[in-house]
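Reading through the structure tokens given below for one structure.
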Amino acid sequence: PDGVVINTPSAFHHLFGPAGNIKKAVYYQVWPRTVEALTTWNSVDVHTHSRKRRVLNYAFSDKALKAAEPFIVSNTDRWCELISQETERSSEEWSKSLNMTDWVNYLVFDILGDLCFGKSFGMKEPASNMRYVPHLMVEFITLMHPIAFSPFARLWVWLKPRGLDKVLGLASPPALKKWESFVEKCMRDRTRQEEDGTASDRQDFFHWLYHAVDPETGARGFPLE
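In this text, residue positions in the sequence shown follow the numbering used here: the first is 886, and each later residue adds one.
Written out as structure tokens, the structure reads:
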């Protein structure tokens, strides 16, 4: 046996809470795009994870969450309007069906785009050319999940900084490269707005993280890369 099942909130807190005394498995080290691209999810080092959590708190303060409300409401209102248009019917017929899993994905991505990259992705709009992205991510997870759980996961992690990341980058399908280029452009544009002050009234997640500092060290919260 190589697993333990837990079913109580207290056990979860002891294992995965801030004072948890376990180390994340090699599984998580397979996922980063590069060895430098660590997040709170895939960090296995306790100190790295703690620092990232401290900085992320800036984007989840009461003030920051209140500032996020207009972006959430505007996207949700537009989403409801589009659903209403999609389900218009005559008085004697049922409306056509909608796949609400897809529609909720569109809403979530658009809200996150607005909060994290300075603009909605427009995925919920009828003429959107971005609706392939959720399916692309599912395909990516389907590919990577077995690798991360496989016996050669440690070899995979060892190879990442030794050329594997570059090979995977070159072998990425066009759809993935298109999405990555789009996100990188959003990042550059949003960074430029913060640098020149043209988005001073836009207090989204990016705003708070751009200006965040580590409360323990005083260093900048996250490097731009």
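We treat Cβ as the ideally placed atom computed from N, Cα and C, and that holds for glycine. From a predicted model like this one, the values you see are computed outputs, not experimental measurements.
With a beta-carbon spacing of about 34 Å, Y943 and F1034 fall beyond the 8 Å limit used to define contacts. Comparing alpha carbon positions, the residue from D1074, M1008, S946, S935 closest to E1101 is S935. Leaving aside the five residues that flank T961 on each side, the residues in its chain whose CB is nearer than 8 Å to its CB run, in chain order, L992, I996.
In the structure shown, V1052 adopts helical secondary structure according to DSSP, grouped into three states. Scanning the segment 987-1049 from its first residue to its last, the whole alpha helix (DSSP H) runs of 4-plus residues come out as 1018-1034, 1038-1044.
Using a C-beta cut-off of 8 Å, the segment 904-922 makes contact with the segment 1029-1046, since at least three inter-stretch Cβ pairs fall below that distance. Taking all protein chains in view, the Cβ of V1018 is crowded by 16 or more other Cβ atoms within 10 Å, so the residue is classified as buried. With a cutoff of 8 Å on beta-carbon distance, L950 and D1089 are scored as not near each other. Between the segment 962-974 and the segment 1005-1017 there are three or more C-beta pairs closer than 8 Å, enough to call the two in contact.
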